[in-house]
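Undergrad: First residue of the sequence shown: 1, per the numbering used here; consecutive thereafter.
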Amino acid sequence: MEKITSLCKRRGFIFQSSEIYGGLSNSWDYGPLGVELKRNVKNAWWKAVVQRRDDMVGLDAAILMHPKTWEASGHTGSFADILVDCKKCKRRFRKDKIGDTCPDCGSKDFTEGRAFNLMLKTYLGPVEDASALSYLRPETAQGIFVNFTNVLNTARKKLPFGIAQIGKSFRNEVTPGNFTFRTREFEQMEIEYFVDPKDADKFYNYWVEERFNWYLNLGISKKNLRKREHEKDELAHYAKFCTDVEYNFPFGWSELEGIANRADFDLRQHAQFSGQKLTVPDLKENDGYPYIIEPSGGVDRSVLAFLVDAYFEEEVKGETRAVLKLHSDLAPVKVAVLPLLKKNDKIVELAHKIKEDLQKCMVSVYDDTAAIGKLYRRQDEVGTPLCVTVDVQSLEDKQVTVRDRDTMKQDRISVDKLKDYIFNKLYK
Ligand code: GAP
């Protein structure tokens, strides 16, 4: 993890929030390369679950919602951790994380457990009283449930169909940590997939496979990914079943995404609290309430897993090269164009021209601030799949050298075929 956090800071993937003021712990900012990577992860998800499917539509609901939402969802009542204080060293812990012994001083003497609600509170408008109390959403899911009828009526979907959303969520976590793994502000990618109750098991299994394979298809190695079904006592208050997709982080196997069968809990609750009809007209069973299968993943956790999984150190000609073998869909920069001689105006001009042409369709950069070996290492370390080198010969034969990040193999390609060659390599 230290290598990843140091790379993230050094190369502009992730910075500590408010660093000039000493930092805000467990809050992180995505830098120039991090924002590209994060956006690529979200785009890959959106393409896979919305744009390439006929049974899915997207939504972008507000973070602030009517406070009744959280009563109906059960979050004001049940979204809490039980906290205990060690009477000897006075430290506070989550009861479920420590058993009966203080991890700091070994004492077994604790205060009674107290429920601590994880929702972040805020006040809307100028008066800070109970009527203005609101919450920053702890999950994006509720924005989907309250819009169920709006989407059903406008998108004219029939069961089974799903609504997908990416957005910020907030939880006043008691024990945040492990870099961006658990934070108080984070982004979720959530699907609520509505099905005929009799098909719920089938679609639950389908989505577990579908989501597991998404990570594999984007390059996560199989040995580092597993599925784990929740025990009954681990299930959230709304869930009938849940399977986590877990990644083998340097700090141990941890949840990337949960796929839950939420049954009809949410739609029934919101129907009751709002007095509105939230059923499907042509569903005869279960009073017209569909069941909901929910694959819910974290953007920040995915980004971290993709970074960890892609990081390699390799011995090349007696030197160590650090390389991020990111899938080309995720790599922040797709192509770097590098002139071999920066004092030769013609080479520089051609390199710029090639870069500008590529930049119209993919993120491409130009760099001439070091010798070629160093330029390659720099691009390897941030995961750029291809480097194009322009040399003296290029001015005569109109060919350039394309170097592959992973194999370090070099091909000589004519400039007028370069785009096709690059598209083939990146997007096969
Ligand atoms: N709507 C269901 C739901 O929110 P969850 O298991 O509490 O389920 C889903 O959260 C995903 O959101 C997690 O698998 C994780 O990737 C991400 N997530 C949850 N809490 C997080 C936190 N404090 N920091 C970063 N990501 C978090």
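Ideal placement from N, C-alpha and C gives every residue a C-beta, glycine not left out.
Give the secondary structure of residue 44 by DSSP, where H, G and I count as helix, E and B as strand, and everything else as coil.
TA: Residue state, collapsed to three classes: helix.
Undergrad: Alpha carbon to alpha carbon, how far is residue 374 from residue 117? Give it in angstroms, no decimals.
TA: Those two C-alpha atoms are separated by around 51 Å.
Undergrad: If I measure Cβ to Cβ from residue 295 and keep anything under 6 Å in the same chain, skipping five residues before and after, which residues do I get?
TA: These residues qualify, in order along the chain: 191, 207, 211, 259.
Undergrad: If I measure Cβ to Cβ from residue 113 and keep anything under 8 Å in the same chain, skipping five residues before and after, which residues do I get?
TA: Correct list, in chain order: 82, 83, 84, 95.
Undergrad: Can you tell me where the alpha helix (DSSP H) holding residue 348 begins and where it ends?
TA: Looking at the DSSP string, the run of the alpha helix (DSSP H) that includes residue 348 is 345-359.
Undergrad: Determine contact between the region 68-81 and the region 137-146, defined as no fewer than three beta-carbon pairs at a distance below 8 Å.
TA: Yes: at least three Cβ pairs fall under 8 Å.
Undergrad: Counting beta carbon pairs with one atom in the region 191-204 and one in the region 214-231, are three or more of them shorter than 8 Å?
TA: Touching, no.
Undergrad: From 368, 181, 331, pick the residue whose C-alpha is nearest to that of residue 37; which is it?
TA: Comparing Cα positions, the closest option is 331.
Undergrad: In the DSSP assignment, the alpha helix (DSSP H) including residue 310 goes from what residue to what residue?
TA: Note, residue 310: alpha helix (DSSP H), 299-310.
Undergrad: Should residue 189 go down as buried or exposed, given a rule of 16 or more other Cβ atoms within 10 Å for buried?
TA: Classification for residue 189: buried.
Undergrad: Judging by CA-CA distance, which residue of 243, 314, 174 is the nearest neighbour of residue 92?
TA: The shortest C-alpha separation from residue 92 is found at 174.
Undergrad: According to DSSP, is residue 166 part of a helix, a strand, or is it coil?
TA: DSSP places residue 166 in strand when its eight states are reduced to three.
Undergrad: Alpha helix (DSSP H) containing residue 4: first to last residue?
TA: 2-10 is the extent of the alpha helix (DSSP H) around residue 4.
Undergrad: Identify every run of the alpha helix (DSSP H) within the region 124-194, keeping only runs that are complete inside it and at least 4 residues long; order them along the chain.
TA: The qualifying runs are 141-146, 148-155.
Undergrad: From what residue to what residue does the beta strand (DSSP E) around residue 288 run?
TA: Taken as a continuous stretch (DSSP letters only), residue 288 belongs to no beta strand (DSSP E), as it is neither H nor E.
Undergrad: Quick one: any contact between the region 402-412 and the region 349-367, if contact means 3 or more CB pairs under 8 Å?
TA: No contact exists between the region 402-412 and the region 349-367.
Undergrad: At which residue ranges does the region 37-113 contain complete beta strand (DSSP E) runs of 3 or more residues, listed in the order of the chain?
TA: Listed in chain order, the complete beta strand (DSSP E) runs (minimum 3 residues) inside the region 37-113 are 56-59, 80-85, 92-94.
Undergrad: Using the Cα positions of residue 446 and residue 388, report the straight-line distance between them to the nearest angstrom.
TA: Here the chain comprises residues numbered 1 to 428, so residue 446 is not present and cannot be evaluated.
Undergrad: Among the residues of its own chain, which have a CB less than 8 Å from the CB of residue 461, if the five just before and after it don't count?
TA: Residue 461 is absent from the model: the chain starts at 1 and stops at 428.
Undergrad: Can you name the start and end residues of the beta strand (DSSP E) that residue 251 belongs to?
TA: Residue 251 -> no beta strand (DSSP E), and no H or E assigned at all.
Undergrad: What do you get for residue 216, buried or exposed, if any count of 16 or more other CB atoms within 10 angstroms of its CB means buried?
TA: Flag for residue 216 reads exposed.
Undergrad: DSSP three-state call for residue 390: helix, strand or coil?
TA: Strand.
Undergrad: From the DSSP output, which residues share a beta bridge with residue 296?
TA: In the DSSP output, where bridge partners are listed per residue, residue 296 has 190, 258.
Undergrad: So what's residue 417 in DSSP terms, helix, strand or just coil?
TA: Looking at residue 417 - three-state DSSP - the assignment turns out to be helix.
Undergrad: With DSSP as the reference, identify every bridge partner of residue 364, one or two as the case may be.
TA: 335, per the DSSP bridge assignment.
Undergrad: Quick check on DSSP: helix, strand or coil for residue 211?
TA: Note: residue 211 maps to helix in three-state DSSP.
Undergrad: Going by the DSSP bridge assignment, what does residue 372 pair with across the sheet?
TA: Note: residue 372 sits in no beta bridge, so no partner.
Undergrad: Given a cut-off of 7 Å, decide if residue 41 and residue 164 are closer than it, judged by their beta-carbon atoms.
TA: Contact: no.
Undergrad: Report yes if the C-beta of residue 5 is less than 6 Å from at least one heavy atom of the ligand GAP; otherwise report no.
TA: Not so, every heavy atom of the ligand GAP lies at least 6 Å from the Cβ.
Undergrad: Alpha carbons only, please: which of 22, 383, 412, 119 is nearest the one belonging to residue 394?
TA: Ranking 22, 383, 412, 119 by Cα distance to residue 394 puts 412 first.
Undergrad: Can you list, in chain order, the residues of its chain with a C-beta nearer than 6 Å to that of residue 166? Leave out the 5 residues immediately preceding and following it.
TA: Contacts found: 42, 189.
Undergrad: Quick one: using the 10 Å Cβ neighbour count with 16 as the cut-off for buried, is residue 261 buried or exposed?
TA: With 16 or more Cβ atoms within 10 Å of its Cβ, residue 261 is classed as buried.
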